[in-house]
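Everything in the sequence shown is counted per the working numbering, starting at 3 for the first residue and increasing by one.
Think of the CB as a built atom: it goes at the ideal place given N, C-alpha and C, for glycine as much as any other residue.
Taking it in order: structure first as structure tokens, then the write-up.
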Amino acid sequence: MCSFTQPGSYRVMSTKSVTEVIIDGSGEQYLRLEEIAQTLNVSADTLSTWARRFPSFPRLQLPGGALRVRASEVEAWLKNFRKEGADHGK
3 MCSFTQPGSY RVMSTKSVTE VIIDGSGEQY LRLEEIAQTL NVSADTLSTW
53 ARRFPSFPRL QLPGGALRVR ASEVEAWLKN FRKEGADHGK
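Set out below in structure tokens:
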């Protein structure tokens, strides 16, 4: 569900205690909804609703259904969403 410039371009790097997934050459961490919700001052349920309601919401859905997001992608999505909302209000 997350947009990739080259579908399927990822690699998994494993260390003793952490598995890091690098997608599109980015090492930016994917966060649980609860982690990014605190930063945005919204609930994890709100983020989950946005993911269901807005197909453009950037997320990675894990095989079990859990969602992960990158902070930079959510921030860019929110800026664009606000801009589009302001344009429609004119």
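Cβ shell of residue i (< 8 Å), same chain only, five flanking positions each side left out
| i | result |
| --- | --- |
| Trp-52 | Phe-59 |
| Ser-50 | Leu-35 and Leu-69 |
| Thr-41 | Ala-73 |
| Leu-33 | Arg-70, Val-71, Arg-72 and Ala-73 |
Per-residue burial, residue i [other beta carbons within 10 Å of its own, 16 or more giving buried]
| i | result |
| --- | --- |
| Glu-86 | exposed |
| Leu-80 | exposed |
| Glu-75 | buried |
Beta-carbon separation (whole angstroms), residue i vs residue j, contact threshold 8 Å
| i | j | result |
| --- | --- | --- |
| Ile-38 | Ala-78 | About 13 Å; that fails the 8 Å criterion. |
Cβ-based neighbour list, residue i, same chain, cut-off 7 Å, excluding 5 preceding and 5 following
| i | result |
| --- | --- |
| Asp-47 | none |
| Glu-30 | Arg-72 and Ser-74 |
CB contact flag (residue i, residue j, <7 Å)
| i | j | result |
| --- | --- | --- |
| Glu-71 | Arg-55 | Looking at the sequence provided, one finds Val at residue 71 rather than Glu. Contact flag unset, no. |
Contacts around residue i, its chain only, beta-carbon distance under 6 Å, and the 5 residues preceding and following it disregarded
| i | result |
| --- | --- |
| Thr-84 | Sequence check: residue 84 is Arg here, not Thr. Contacts found: none. |
Handout entry: beta strand (DSSP E) runs wholly inside the segment 26-77, at least 3 long, in chain order
Key = Counting whole runs of 3 or more residues, the segment 26-77 contains the beta strand (DSSP E) stretches 69-71.
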